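**Q** Can you read through this structure? Questions will come right after.
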Amino acid sequence: PISGVGGTRHCDWWFTEQAVLIDTAGRYTTQDVNTEMDRAAWRAFLDILKTHRRRRPINGVLLAISLTDVLLRNEADRKRQVETLRRRMQELMKTFGMQIPVYLLITKSDLIAGFTEYFDDLDEPGRRQVWGFTFPLENAAANLAQDFDKRFQDLAQTLEDGLLARMHGESNVKRRAAMYSFPKEFAALRSVAGGFVNDVFKPSKYEAVALLRGVYFTSGTQEGTPIDRLIGAIGRNFGLEDSVRPAFSGQGKAYFIHRLLTDVVFPEAGLIGTDRKLEKQIAALHVVGYAAAAVLVGALGLLWFGALSRSEARIAETTAAAETARARVAEIPRPASFAVLLPALDSARALRGAAGEGSLLAWLDGVGLSATPTLAPAAGAVYDRVLSADLLPNLVERIESRLRGGLNYAGPFDPNGLRETLKIYLMFGDPSHFDRNEVAQAARAEAKLAFPLDPQRSAAMTAHLDRLVELLPRPVEIDRQLVATVRARLTRQPRVEQVYAALLQEGAQDGRLHPIDLGAVLGSTSLQVAATRNSQSRLTIPGIFTRPAFYDFVLPRLPTLVREQQGSDWVLAADAGADAASQGLTRQVANRYIQDYIANWTDALNSVSAIRFDDLQRETGVLQSLADPQSPLQRLVDVVKENTDLPPPGEDTNSKADAAKAPQAASLVPSISGLAGKAAASAVTAALGDIPWPGKTIGDPFQPLITFASAAGPQPPAIGKVRDDLGKLYNEISGLANAPDPNLAAFQLVQSRVKDPLNDVFASLRAESAQAPAPIRGVIRDVAGSTWAILLRLSYDYVNAAWQRDVLPVCQGALDQRFPLYLKAKDDVTLRDFSDFFHPGGIVDG
Numbered sequence: 015p016i017s018g019v020g021g022t023r024h025c026d027w028w029f030t031e032q033a034v035l036i037d038t039a040g041r042y043t044t045q046d047v048n049t050e051m052d053r054a055a056w057r058a059f060l061d062i063l064k065t066h067r068r069r070r071p072i073n074g075v076l077l078a079i080s081l082t083d084v085l086l087r088n089e090a091d092r093k094r095q096v097e098t099l100r101r102r103m104q105e106l107m108k109t110f111g112m113q114i115p116v117y118l119l120i121t122k123s124d125l126i127a128g129f130t131e132y133f134d135d136l137d138e139p140g141r142r143q144v145w146g147f148t149f150p151l152e153n154a155a156a157n158l159a160q161d162f163d164k165r166f167q168d169l170a171q172t173l174e175d176g177l178l179a180r181m182h183g184e185s186n187v188k189r190r191a192a193m194y195s196f197p198k199e200f201a202a203l204r205s206v207a208g209g210f211v212n213d214v215f216k217p218s219k220y221e222a223v224a225l226l227r228g229v230y231f232t233s234g235t236q237e238g239t240p241i242d243r244l245i246g247a248i249g250r251n252f253g254l255e256d257s258v259r260p261a262f263s264g265q266g267k268a269y270f271i272h273r274l275l276t277d278v279v280f281p282e283a284g285l286i287g288t289d290r291k292l293e294k295q296i297a298a299l300h301v302v303g304y305a306a307a308a309v310l311v312g313a314l315g316l317l318w319f320g321a322l323s324r325s326e327a328r329i330a331e332t333t334a335a336a337e338t339a340r341a342r343v344a345e346i347p348r349p350a351s352f353a354v355l356l357p358a359l360d361s362a363r364a365l366r367g368a369a370g371e372g373s374l375l376a377w378l379d380g381v382g383l384s385a386t387p388t389l390a391p392a393a394g395a396v397y398d399r400v401l402s403a404d405l406l407p408n409l410v411e412r413i414e415s416r417l418r419g420g421l422n423y424a425g426p427f428d429p430n431g432l433r434e435t436l437k438i439y440l441m442f443g444d445p446s447h448f449d450r451n452e453v454a455q456a457a458r459a460e461a462k463l464a465f466p467l468d469p470q471r472s473a474a475m476t477a478h479l480d481r482l483v484e485l486l487p488r489p490v491e492i493d494r495q496l497v498a499t500v501r502a503r504l505t506r507q508p509r510v511e512q513v514y515a516a517l518l519q520e521g522a523q524d525g526r527l528h529p530i531d532l533g534a535v536l537g538s539t540s541l542q543v544a545a546t547r548n549s550q551s552r553l554t555i556p557g558i559f560t561r562p563a564f565y566d567f568v569l570p571r572l573p574t575l576v577r578e579q580q581g582s583d584w585v586l587a588a589d590a591g592a593d594a595a596s597q598g599l600t601r602q603v604a605n606r607y608i609q610d611y612i613a614n615w616t617d618a619l620n621s622v623s624a625i626r627f628d629d630l631q632r633e634t635g636v637l638q639s640l641a642d643p644q645s646p647l648q649r650l651v652d653v654v655k656e657n658t659d660l661p662p663p664g665e666d667t668n669s670k671a672d673a674a675k676a677p678q679a680a681s682l683v684p685s686i687s688g689l690a691g692k693a694a695a696s697a698v699t700a701a702l703g704d705i706p707w708p709g710k711t712i713g714d715p716f717q718p719l720i721t722f723a724s725a726a727g728p729q730p731p732a733i734g735k736v737r738d739d740l741g742k743l744y745n746e747i748s749g750l751a752n753a754p755d756p757n758l759a760a761f762q763l764v765q766s767r768v769k770d771p772l773n774d775v776f777a778s779l780r781a782e783s784a785q786a787p788a789p790i791r792g793v794i795r796d797v798a799g800s801t802w803a804i805l806l807r808l809s810y811d812y813v814n815a816a817w818q819r820d821v822l823p824v825c826q827g828a829l830d831q832r833f834p835l836y837l838k839a840k841d842d843v844t845l846r847d848f849s850d851f852f853h854p855g856g857i858v859d860g
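Below, the structure is given as structure tokens:
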């Protein structure tokens, strides 16, 4: 680009994140100086676009016309300019074969008298807004003049509406005068600007019409002397000389450009169509073989001739990169953070790129005079030395700081995390235990912690660390006193708790183990988990306390984990334990797991209860759900059976897992594969010691519940009788709810139970609840109790209504304020009224 006011010599290319803008020289449009040369350059420019962007050479045209060109040209020059612009747009559409959207920008709008004073208060966001108007897509070209006039007047009116506020905030008289005239000066442009727009874009039956999207006013540099058309015209009418306004002085600002591009032009990039003729050509062109062969021969020839010059350039580039890397490495303080190290490391790695490492073209230069084979290994060695000398000590210091932080952390103690950090730290000082994968994972974690909010720098540092890990192991001095302190801290916790915590942590990270959501199992129709402060934990059974975890994870992993933690615990400098000790520790951890397994399921079951209800509609819904063969209660029992009935392989009583059990438990120990029954139990004994089968210990507390819901030979399961009684109760309550008088029906039902309390569905449910295990027992009692409470309430409502309707009026009319019920009464109760009211079968007794 050519700076200043000289304009563009050929064309400027502006690359943004949203678009590429091409600013062509004005002579390409006018072609009025060197016509043939300018026409050829213009045609060549269009051909380049057509060649490299065949389907959509451009997405639109920004037609920038200076305000002076619109206002100050005479009629002949204006017609010539209009014809030139129409011709250029016709050439664009003809060359590209498509209609092109055009955005007309009237630039140098600051030359309108009063522009600077009127808009001087705008801040940066205000100067970025759009000043102009956009035509609707469906606007017909025939209505262009009328549409322009209306929108221009609206724009001028907007300036008038804001004039009072602007003048109110300005104390300078001259500036206020300029502000006052600005809306009028702008409105005076309507006829000239409208005529220009209409002439350039008027429709013609002999040529295609460009799609005018809108007209916009902008200002870029605020240079030149403002044009005062209105005041000048008034002065000329009175024979006065035109006053010359002072030219703009001060720092230029961009007005009304930014959002015009980002909010109007760029979003309409897909508005332009495609070249149908080109699309047909693309579909027909397939033969390119001869051209490819010619290009290949030419490229090989150029490769030979250019080898020497490229090698010389590569040597110079490598030398400059080496000087940059040397300077940055020398600036590294001691100690240095990752953020300080990163620029120096990038410079050192750039040295390899400058030398041609990783570049296929650089190595192909070897057919000539390439310097890459010599430079690349030396550059790589320099980079590796920087990594070993500067990055490695820093990484070790960061791991060491993690150890010290773990020792001094005031929160809950994390022995597994501290142990893993100690393991990585020891790997730097003891190459015999070095594990490249574990060290690489720890190093990458440090990069993420160093740049938590900067993924780009984190990725760059990760690349350096990955290369450093490839160079390891190398002897590094570590703090042995710190190691001893950490080991002493870790050995304070009982070994069984350490191993069990590691087992739980691994289980939580195992993607195969999914928690069981009891809320999803129970649904929301009849059962619920009792609300407590810890109700969420009761609702969810952790994945490690499920059937897949028991067979697929805990049993096969536990013996191995114990051997890792105890048998060869070089991290804690512990001697390898005897088989009996390992077996004892395995048994203790297994017992801890069994206890927690039982506790999690027991707590969950004890918290299950029936949903509370206090009306017939809600009650019938709960009873209907519980009486269904696939009720939430049955689903709950099925889930409990699935996850607590855990027999040895080959003795599975759970039909759902028959097909899957062999591969699940076969991985327990190598000798258990293919075993069943006693043989499998023997293999488990070898790993866990002489203890009962863990699955039996887990399942025993839940056996009553499973038995209650399972059929015993020809006898149906006991839970079936509960469902039947709940179904009977549902039928009675449903009939009661649908009765003409539910209160009377409830009263009659209560009366029948009072007369025969041992022969109804409530008595049957009470007897069954006494035999049922939790949580079925509690659910039966909840449902029966809530139902009886509703019946009593409805009965009370019925009796109260009958009293108010049948008894109270008679009492008030025949007995109230009468002797002998009231000693001072003047009137006596008649013998007939007294007898009718109180005799057996009378009003009260009835």
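If you're matching positions, the sequence shown starts at 15 in the working numbering and goes up one per residue. Virtual Cβ for every residue (Gly too), placed ideally from N, Cα, C. Keep in mind it's a predicted model, so treat the numbers as computed, not measured.
For R412, does the count of other Cβ atoms within 10 angstroms reach 16, so buried, or fall short, so exposed?
**A** R412 should be labelled buried.
**Q** Quick check on DSSP: helix, strand or coil for W707?
**A** In this structure, W707 counts as coil in the three-state DSSP scheme.
**Q** Starting from the Cα of P445, find the closest Cα among I438, P487 and D404 and give me that residue.
**A** When only C-alpha atoms are compared, the closest one is P487.
**Q** Among T44, T82, E491 and I712, which one has its Cα closest to the Cα of M9?
**A** What the structure shows of the chain is the stretch from 15 to 860, and residue 9 is not part of that stretch, so it cannot be assessed.
**Q** Helix, strand or coil for R53 per DSSP?
**A** Helix at R53.
**Q** With a floor of 4 residues, list each alpha helix (DSSP H) that falls wholly inside the stretch 516-543, ordered by position along the chain.
**A** Those alpha helix (DSSP H) runs which fall completely within the stretch 516-543 and span 4+ residues are 532-536.
**Q** Could you spell out where the beta strand (DSSP E) holding R227 opens and where it closes?
**A** Unbroken beta strand (DSSP E) run through R227: L225 to F231.
**Q** If you run the structure through DSSP and keep just helix, strand and coil, what is W615?
**A** Of the three classes helix, strand and coil, the one that applies to W615 here is helix, per DSSP.
**Q** Look up W28 in the DSSP assignment and say whether it is helix, strand or coil.
**A** Residue state, collapsed to three classes: strand.
**Q** Beta-carbon separation of R475 and A456 under 8 Å?
**A** The amino acid occupying residue 475 in the given sequence is Met; Arg does not appear at that position. Going by C-beta atoms, M475 is not nearer than 8 Å to A456.
**Q** May I have the straight-line CA-CA distance separating T801 from E633, to the nearest angstrom?
**A** Using only the alpha carbons, I get a separation of about 7 Å.
**Q** Report the three-state DSSP secondary structure of A403 (helix, strand or coil).
**A** Looking at A403 - three-state DSSP - the assignment turns out to be helix.
**Q** List the whole-angstrom C-beta distance separating L647 from L640, where the pair is believed to meet the contact cut-off of C-beta under 8 Å.
**A** Yes, L647 and L640 are in contact; Cβ-Cβ is about 6 Å, under 8 Å.
**Q** What whole-angstrom Cβ distance do G234 and A207 have, given they're in contact under 8 Å?
**A** Their Cβ separation, rounded to whole angstroms, is 19 Å, which puts G234 and A207 out of contact at 8 Å.
**Q** Which of the three DSSP states is assigned to T121 in this structure?
**A** Residue state, collapsed to three classes: strand.
**Q** Tell me the residue span of the alpha helix (DSSP H) that contains S80.
**A** It is not in any alpha helix (DSSP H) - S80 instead sits in the beta strand (DSSP E) that spans V75 to S80.
**Q** Under the three-state reduction of DSSP, which class applies to F147: helix, strand or coil?
**A** DSSP places F147 in strand when its eight states are reduced to three.
**Q** How should F776 be labelled, buried or exposed, when 16 other C-beta atoms within 10 angstroms of its C-beta is the threshold for buried?
**A** F776 comes out buried.
**Q** Rounded to the nearest angstrom, what separates G443 and D566 at their Cα positions?
**A** The alpha-carbon atoms of G443 and D566 are separated by roughly 36 Å.
**Q** Going by the CB atoms, is the gap between L63 and L99 shorter than 8 Å?
**A** No, Cβ-Cβ distance for L99 and L63 is not below 8 Å.
**Q** On the criterion of 16 or more Cβ atoms from any shown chain inside 10 Å, does Q602 qualify as buried, or is it exposed?
**A** The residue is buried, with at least 16 neighbouring Cβ atoms inside 10 Å.
**Q** Alpha carbon to alpha carbon, how far is R101 from E237? Give it in angstroms, no decimals.
**A** Those two C-alpha atoms are separated by around 30 Å.
**Q** Compute the Euclidean distance between the alpha carbons of R57 and R70, then round it to the nearest angstrom.
**A** If you take the alpha carbons of R57 and R70, they lie about 17 Å apart.
**Q** Please state whether DSSP places P15 in a helix, a strand or coil.
**A** Unreliable placement is indicated for P15, whose pLDDT of 39 sits below 50; no coordinate value is reported for it.
**Q** Does V51 pass the burial test, meaning 16 or more other C-beta atoms within 10 Å, or should it be called exposed?
**A** The question names Val, yet the displayed sequence has Met at residue 51. Exposed, by the Cβ-count rule.
**Q** Quick check: the stretch 554-562 against the stretch 524-532, are there 3 or more CB pairs under 8 Å?
**A** The answer is yes - the stretch 524-532 touches the stretch 554-562, with three or more Cβ pairs under 8 Å.
**Q** Does DSSP put Q1 in a helix, in a strand, or in coil?
**A** Summary: the structure shown does not reach residue 1, with the chain confined to residues 15 through 860, and so no result is reported for it.
**Q** What ranges does the alpha helix (DSSP H) occupy inside the stretch 712-751, keeping only unbroken runs of at least 4 residues that lie completely in it?
**A** Qualifying alpha helix (DSSP H) stretches, in chain order: 717-722.
**Q** Give me whichever residues DSSP pairs with Y42 in a beta bridge.
**A** DSSP lists no partner for Y42.
**Q** Does DSSP classify Y220 as helix, strand or coil?
**A** DSSP places Y220 in coil when its eight states are reduced to three.
**Q** Around the C-beta of F852, are 16 or more other C-beta atoms found within 10 angstroms, so that it is buried, or is it exposed?
**A** The residue in question, F852, is exposed, as its Cβ has fewer than 16 Cβ neighbours within 10 Å.
**Q** On the three-state DSSP scale, how would you describe Y812?
**A** DSSP places Y812 in helix when its eight states are reduced to three.
**Q** Tell me the DSSP secondary structure of N251 in three-state form.
**A** In this prediction, N251 scores a pLDDT of 47, lower than 50, which makes its location untrustworthy; no coordinate-derived value is stated.
**Q** So, are the CB atoms of I608 and T658 less than 8 Å apart?
**A** No; because the gap between Cβ atoms is not below 8 Å, this pair is not in contact.
**Q** Is the stretch 534-545 touching the stretch 604-622 in the sense that three or more CB pairs, one from each, lie closer than 8 Å?
**A** The stretch 604-622, when compared against the stretch 534-545, does touch it at the 8 Å Cβ threshold.
**Q** May I ask you to report which of helix, strand or coil DSSP gives T554?
**A** Correct three-state label for T554: strand.
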